[in-house]
Amino acid sequence: MTDQTAYNFAYLDEQTKRMIRRAILKGVAIPGYQVPFASREMPMPYGWGTGGVQVTAACLVPEDRLKVIDQGADDTTNAVSIRRFFQRTAGVAVTEATAEATVIQTRHRIPETPLTEGQILVYQVPIPEPLRFLEPRETETRKMHELEDYGLMHVKLYEDISRHGQIATAYDYPVKVEGRYVMDPSPIPKFDNPKLAGNAAIQLFGAGREQRIYALPPYSEAISLDFDDYPFAASKADHACDLCAAPDSYLDEVITDDQGSRMFVCSDTDFCASRRKAGHIGPMGTPMAGG
Amino acid sequence: MYVAVKGGEKAIDAAHAWLAEERRGDTSVAELSVAQIRQQLALAVNRVMAEGSLYDPDLAALAIKQARGDLIEAIFLIRAYRTTLPRLGASTPLETAQMAITRRISATFKDLPGGQILGPTFDYTHRLLDFKLAAEGGVPPAPTAPASLDAVPHVTSLLNRDGLIQTEAEGNATPPDLTREPMEIPTTRPLRLQAITRGDEGFILSMAYSTQRGYGRTHAFVGELRIGTVAVEMEIPELGFSVEIGEVELTECETVNQFKGSKTEPPQFTRGYGLVFGQTERKAIAMSLVDRALRWKELGEDNTGAPAQDEEFVLMHADNIQATGFLEHIKLPHYVDFQAELELVRKLRREALAHGEAAE
Amino acid sequence: MTPEALLGGFTDAPRQSARAFRAALEAMSRPGTLWPLEGAAPPAPLSVAAGVLILTLCDGTTPLHLGGSYDLQVVRDWVTFHTGAPLVSAEEAHFALGTWADLMPVDRFAIGLPDYPDRAATLIVEMPSLSAQGPRLTGPGIAVVAHLNLPETAAFRANRALFPQGFDTYLTSGAHVAGLPRSTIVEAV
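Protein chains in written order, with my numbering: chain A, 277 to 567; chain B, 93 to 452; chain C, 17 to 205.
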């Protein structure tokens, strides 16, 4: 018996998928609001993408081409593990090319290549509540969302400014969605925040352990919280990619020896490889076949 | 020249093969059978069943073998398997008063109807390593006594006859199931009990212990602890009556708690309740203490701010599969977040240093 | 139970419901756009699209309200056999099915709670036809502006005023569906 016949299509049973699907639809209807859902115990650990995996499982169709990235890369071990899970249980095609994928599950990045209509971006979310580290109680934060009382968040950001002269949040930077809910975009670098807004793709967020699903419909407004005199600024390392020379992609810093040498490379491995295939070569890069 | 690390897939395969080899260990030593684990490590099997929320000793034993004895890993295996099982129906409520008892003790009455039965307990063993066990050897048979056919009523029901202990609400409502519905805080006692019975033994033990040391003290005695097997019955609509479909071993603990009365309740004894799969005595006692501590609101007691009185705190942190997953996820790559922090710290330092120089 | 009730379900539920959900997701995510929904053959007067939506989203945990002209024995039997959804009054419904006239007045349906706005009904409104003409739609999911031949505008405007509470709507006709979440701003043209 193959794995595909031993388990239902995309692993989850039909009743569970219906429950998740209903939660996704309510999430889409109330952009940025966290819909509670009866997250199931998946065959991978909580905190390793169980929310994203359940959302992906509920969305997949046999014709999909799935891309899975972790830290922007297709070949990180947890991305490999999740991709294999769906190859086994849903039999879907997989790809590393952002433009070719119909469903992309991600941890901590939004791909550099702009997404298009027909694509779904599924985020793995560890802590869905943007107010959680300011107020640990769910009973309290739920009330704050209800009353649209986000004063605590503004106080926190303001304290940052008075202490550091700027907002000291580099990732997991909160956004206000459609003028209503403050939303946690998952731990993406704030460099990626502008890509949340006005995106042509459907963006779905799954938090398994915390039992929440939320969504950004296409072309939604998602404004990074800031102050008039301290406007939000997306930031990245002040370098170009050493492999593909991209001046505008998010970079990983790689330590290359014990003498303090380092290089900067695109965190989005597909983006970087595509550029090299197209002939863009950075100071430490080598041309790649294909194109 | 830099070549990005590739080969995650190969690394995973190799790691799995190595793990399988390590699990087996030295092949010159006989392999453990699942039956051996089930028979000889029964208390480990019980814990895996209790926290895995699945009564199947063979599967629990298999999970322990597969997990190399890591019980939380074994519980995880059982939980992941359990989620895929179809729900064919629900049993009728178990009648623990009808338990076929192997152990029954009360700390509140010296003697009582049905008697005290010490049963197979570590309680009065002197904890001296038994080096005879290092060598294989037979065990002399234990003395036996004829099974008593007398009814064994719950101790608390005896107290209840005098109105000295708080009466618990009865009802036929279907209890909630936190594995099928998202948890909503504040919750209800049935849901709390489910969360605690499958909660981590160590966590529940520590929470219970904290109440004994004064953080939300409830003055508990073990009114009754009973261990034994109970029939599981299911109603078959086509037949119009219920049939026995099997039996499960359970540990049930009811504490009797001193209670001087509150603004809303008269002075009387109150109780905490613990019910756990298998012979799992420590867990059942701990569960009943935590249950009682969480009932402060319903009994009109003061919230002293003790951790064990804090429903959200207890319930959101009791599950070891959630906890271990999230704890261990910090070993996954966080390059992106770390890079973002690195840039920020560098920038803040640059500005702080420039500021310092300007000030000098 | 009529023999008809036993027919017309999915033949390959895991895959058919997956495809149907994707269409329903796109429809709710991009208000005013039309999406094909196929794979079931529900009894009249149900459209194919409405039947597919019910098979995809409803089960024993989702009470369903059948509006007047849909509250027929054959429909009740079909829904019960294929989904097990309890049939209930408008006030208790998670889902509701009928023509717009059947579902009036729509202020009977659950709009969710201030702290749990997701606990709101989803209406499945059967339409004689669907076209990208009529009232002007703007809001989440819409790049600039969309149009859809809604049965009216006032009720949807009143619903939008409740945001983040409010019901959500699917409009079905033949083998097509369009979505109208509570977040959409509807204006008559």
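All residues carry an ideal CB built from backbone N, CA and C; glycine is no exception.
Asked: With three or more C-beta pairs closer than 8 Å as the rule, is the stretch 393-405 of chain A touching the stretch 470-488 of chain A?; Found: yes
Asked: Starting from the C-beta of Tyr94(B), find all residues in its chain whose C-beta is less than 6 Å away, skip the five residues before and the five after it, and write them out in chain order.; Found: At Tyr94(B), the pLDDT of 47 sits below 50, so the modelled position is not reliable; the number obtained from the coordinates is stated separately. None.
Asked: What's the gap between the Cα of Pro338(A) and the Cα of Asp289(A)?; Found: 16 Å
Asked: In angstroms, rounded to a whole number, what distance separates the CA positions of Ser354(B) and Leu391(B)?; Found: 7 Å
Asked: Comparing the C-beta of Gly161(B) with each C-beta of chain A, is any distance below 9 Å?; Found: no
Asked: Considering just the uninterrupted stretch of the beta strand (DSSP E) at Ala36(B), what are its terminal residues?; Found: Since the first residue of chain B shown is 93 and the last is 452, residue 36(B) is not available in this structure.
Asked: Checking contacts by CB at 9 Å: is Gly157(C) closer than that to chain A?; Found: yes
Asked: Suppose the cutoff is 8 Å on Cβ atoms and the five residues either side in sequence are ignored; what does the same chain contact list for Val141(C) look like?; Found: Gly114, Thr115, Trp116, Leu119, Pro167, Thr185, Tyr186, Leu187 and Thr188
Asked: Give the residues of chain A in contact with Gly417(B), contact being defined as C-beta atoms less than 9 Å apart.; Found: Met320, Pro321, Tyr322, Gly323, Trp324, Thr326, Gly484 and Arg485
Asked: Which of the three DSSP states, helix, strand or coil, is assigned to Ile489(A)?; Found: strand
Asked: Under a Cβ-count criterion, where at least 16 other Cβ atoms within 10 Å of its own Cβ denotes burial, should Asp279(A) be classed as buried or exposed?; Found: Only weak support is given to the placement of Asp279(A): the predicted model assigns it a pLDDT of 48, under 50, and the value that follows is read from those uncertain coordinates. With fewer than 16 other Cβ atoms within 10 Å, it is exposed.
Asked: Between Ala218(A) and Phe540(A), how many whole angstroms is the CB-CB distance? I'm expecting something under 8 Å.; Found: Because chain A in this structure spans residues 277 to 567, residue 218(A) falls outside the shown range and cannot be described.
Asked: Would you please verify whether the beta carbon of Glu388(A) is less than 9 Å from any beta carbon of chain B?; Found: no
Asked: Going by beta carbon distance, what residues of the same chain come within less than 6 Å of Pro461(A), once the five residues before and after it are set aside?; Found: Val451 and Leu472
Asked: So Leu317(B) packs on Ala400(B), CB below 8 Å; how close in whole Å?; Found: Actually they do not touch by this definition, with Cβ atoms about 20 Å apart.
Asked: Report yes if the CB atom of Arg297(A) is closer than 9 Å to the CB atom of Ala355(A), and no otherwise.; Found: no
Asked: Please report the distance separating the alpha-carbon of Ser334(B) from that of Gln190(B).; Found: 16 Å
Asked: Consider the Cβ of Tyr457(A): report whether some Cβ of chain B lies at a distance smaller than 9 Å.; Found: no
Asked: Determine which residues of the stretch 67-85 of chain C have a Cβ less than 9 Å from any Cβ of chain A, and write them out in chain order.; Found: Thr72, Leu73, Cys74, Asp75, Gly76, Thr77 and Thr78
Asked: Considering only residues of the same chain and omitting the five flanking positions on each side of Phe285(A), which have a CB-CB separation below 7 Å?; Found: Ala366
Asked: Between which residues of its own chain and Ala166(B) is the CB-CB distance below 6 Å, once the five residues before and five after are set aside?; Found: Val140, Ala155, Ile156 and Ala159
Asked: Counting only beta-carbon atoms, is Leu440(B) nearer than 9 Å to chain A?; Found: yes
Asked: Could you tell me the distance, in whole angstroms, from the CA atom of Ala314(A) to the CA atom of Gly48(C)?; Found: 30 Å
Asked: Any Cβ of chain C within less than 9 Å of the Cβ of His421(A)?; Found: yes
Asked: Does the beta-carbon of Pro161(C) have 16 or more other beta-carbons within 10 angstroms, so that it is buried, or is it exposed?; Found: According to the sequence displayed, residue 161(C) carries Val and not Pro. The residue is exposed, with fewer than 16 neighbouring Cβ atoms inside 10 Å.
Asked: Please report the residue range of the alpha helix (DSSP H) in which Val406(B) lies.; Found: Glu403 to His409
Asked: For Gly536(A), return the contacting residues in chain B, with the cut-off set at a CB-CB distance below 7 Å.; Found: The contacting residues do not exist; Gly536(A) stays about 14 Å from chain B at best.
Asked: Considering only C-alpha positions, which residue in the set Leu73(C), Ser33(C) and Glu42(C) is nearest to Glu54(C)?; Found: Ser33(C)
Asked: Pick out whichever of Leu301(A), Met295(A) and Thr545(A) has its Cα sitting closest to the Cα of Glu273(B).; Found: Met295(A)
Asked: Could you check if Gly294(B) is buried or exposed, using at least 16 other CB atoms within 10 Å of its CB as the buried criterion?; Found: exposed
Asked: Can you give me the start and stop residues for the beta strand (DSSP E) that Met564(A) sits inside?; Found: Element bounds for Met564(A): n/a, residue is neither H nor E.
Asked: Do Gly327(A) and Ile358(A) have their CB atoms nearer than 9 Å?; Found: no
Asked: Determine the closest residue to Tyr426(A) out of Tyr457(A), Leu397(A), Thr378(A) and Asn475(A), with distance taken between C-alpha atoms.; Found: Tyr457(A)
Asked: The stretch 362-382 of chain B: which residues have C-beta closer than 7 Å to a C-beta of chain A, in chain order?; Found: none
Asked: For Val428(B), go through chain A and note every residue whose CB falls closer than 8 Å to its CB, in chain order.; Found: Gln347, Gly348, His384, Arg385, Tyr447, Pro463, Ile464, Pro465, Tyr526, Asp528 and Ser543
Asked: Run through DSSP, which three-state label would Arg360(A) get?; Found: helix
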